[in-house]
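Engineer: Questions regarding the structure given below will be posed in turn.
Numbering (the numbering used here), first residue to last: 2 to 233.
As C-alpha cells, this is what we get:
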C-alpha cells in the first residue's frame with residue numbers, strides 16, 4: 002500500500018505479497034529496500050515487524066525501516082530484527098537531543114533522518130512533522146546543522162508536494178542539499194516517474210533515490226535499471 006502525500010484517506014492498495022515483492026526486487030538486482038510501517042506510523046507501535054522480519058530472513062536485501070519509532074527500545078528491537086538502518090522522522094525535529102544521543106550510542110551508520118519539506122514563499126524548505134500534518138517550525142538546513150557534530154551520515158529528504166504525484170523529483174532542492182552537505186549520504190524521495198528522473202538525479206551526484214509508485218506501476222523496468230542497480 003502507498004499513500005498520496007501521506008494522506009491515509011488517499012491510499013492505493015496493490016494487493017501484492019510483501020515478501021514475494023521484496024524477493025522480486027532482489028532478483029532484479031536491488032541490494033537495498035526501504036520500508037515504511039504505515040500502521041506503526043499511526044499507532045507508534047511495531048505493527049508489521051513479523052512481516053518485515055520475514056523479508057529480512059528470506060532475502061539478502063539491506064532493509065531500512067521507518068514508521069512510528071519513538072523510543073530506544075523500538076529502535077533496538079528493529080536492529081535486533083536485522084534491519085540495516087532505522088529511519089527517524091518527526092522525533093528528529095521535536096526531540097533533537099534524544100536523537101543526537103542515539104546517533105552517538107548506535108552509530109550514524111544505523112540511523113537515517115527522514116526530513117520532509119514544503120517550500121515556503123521564498124523557496125526555503127520548511128520541515129513538517131506528524132505525518133506531514135504539522136509544521137516543524139524549523140528549516141531543513143537548521144535541522145541538519147543540529148546533527149553535524151554527532152556525525153550524521155544519512156538523510157532521506159522528501160518534497161511533500163511531489164510524493165505520489167508522479168511530477169518528477171525536486172532536482173533543485175537535492176542539488177542544494179548536495180552542495181551544502183557533501184558529506185551526507187542523501188536519499189531522495191518523492192516524484193520519481195521514470196528512468197529519466199533517475200538519470201537526472203544521478204547527474205547531480207545523488208547517492209540514492211527511493212522509488213515506490215513508479216516501480217509498483219511498472220513505469221520503470223529491470224532492463225532500464227541495469228546501470229543503476231550496482232548501487233541500488
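Where is the CB? At the ideal position from N, CA and C, for every residue including glycine.
In whole angstroms, what separates the C-alpha of residue 100 from that of residue 119?
Structural biologist: Numbered from 1 along the chain shown, position 99 holds the residue referred to as residue 100. Numbered from 1 along the chain shown, position 118 holds the residue referred to as residue 119. So the two alpha carbons sit approximately 22 Å from each other.
Engineer: By how many angstroms is the C-alpha of residue 200 removed from the C-alpha of residue 91?
Structural biologist: Within the chain shown, residue 91 is the residue found at index 90, counting from 1. Within the chain shown, residue 200 is the residue found at index 199, counting from 1. Going by the C-alpha atoms only, they are around 30 Å apart.
Engineer: Cutting at 6 Å between CB atoms, please list the residues of its own chain near residue 79, excluding the five before and the five after it.
Structural biologist: Reading the chain shown from its first residue, position 78 is the one you call residue 79. Within the same chain, residue 79 has close Cβ partners 66 and 87.
Engineer: Could you pull the DSSP bridge partners for residue 33 from this structure?
Structural biologist: Numbered from 1 along the chain shown, position 32 holds the residue referred to as residue 33. According to DSSP, which records beta bridges pairwise, residue 33 is partnered with 63.
Engineer: In angstroms with no decimal places, state the Cα-to-Cα distance between residue 223 and residue 193.
Structural biologist: Counted from its first residue, the chain shown places residue 223 at position 222. Counted from its first residue, the chain shown places residue 193 at position 192. Distance between the alpha carbons of residue 223 and residue 193: 15 Å.
Engineer: My output table needs one value for residue 183: the three-state DSSP class, helix, strand or coil.
Structural biologist: Start at 1 with the first residue of the chain shown, and residue 183 comes out as number 182. If DSSP states are grouped into helix, strand and coil, residue 183 belongs with coil.
Engineer: With the cut-off set at 8 Å, would you say residue 62 and residue 106 are in Cβ contact?
Structural biologist: Numbered from 1 along the chain shown, position 61 holds the residue referred to as residue 62. Numbered from 1 along the chain shown, position 105 holds the residue referred to as residue 106. Not a contact, by the Cβ cut-off of 8 Å.
Engineer: For residue 125, which three-state DSSP category applies?
Structural biologist: Here residue 125 corresponds to residue number 124 of the chain shown, with the count starting at 1. Of the three classes helix, strand and coil, the one that applies to residue 125 here is coil, per DSSP.
Engineer: If you reduce the DSSP assignment to three classes, tell me which class residue 214 lands in.
Structural biologist: Numbered from its first residue, the chain shown carries residue 214 at position 213. Residue 214 falls in the helix class under three-state DSSP.
Engineer: In whole angstroms, what is the alpha-carbon distance linking residue 166 and residue 124?
Structural biologist: Your numbering for residue 166 matches position 165 in the chain shown. Your numbering for residue 124 matches position 123 in the chain shown. Spanning the two alpha carbons is a distance of roughly 19 Å.
Engineer: What's the call for residue 230, buried or exposed, on a 16-neighbour Cβ count within 10 Å?
Structural biologist: Translated into positions along the chain shown, residue 230 becomes position 229. With fewer than 16 Cβ atoms within 10 Å of its Cβ, residue 230 is classed as exposed.
Engineer: Cutting at 7 Å between CB atoms, please list the residues of its own chain near residue 221, excluding the five before and the five after it.
Structural biologist: For the purposes of this step, residue 221 is taken as the residue at position 220 of the chain shown. 195, 196, 212 and 215, listed in sequence order.
Engineer: Measuring only between beta-carbons, confirm whether residue 95 sits less than 8 Å from chain B.
Structural biologist: Although the question refers to chain B, the structure presented lacks it and comprises just one protein chain.
Engineer: Could you tell me if residue 128 is buried or exposed, where buried requires 16 or more neighbouring beta carbons within 10 angstroms of its beta carbon?
Structural biologist: In the chain shown, counting from the first residue as 1, residue 128 sits at position 127. Residue 128 is buried by the Cβ-count criterion.
Engineer: Just the Cα atoms here: how many angstroms apart are residue 140 and residue 147?
Structural biologist: Here residue 140 corresponds to residue number 139 of the chain shown, with the count starting at 1. Here residue 147 corresponds to residue number 146 of the chain shown, with the count starting at 1. Between residue 140 and residue 147, the C-alpha separation is close to 11 Å.
Engineer: Go to residue 99, then tell me how far its alpha helix (DSSP H) extends in each direction, as first and last residue.
Structural biologist: Within the chain shown, numbered from 1, the residue matching residue 99 stands at position 98. Counting along the chain, the alpha helix (DSSP H) containing residue 99 begins and ends at 97-107.
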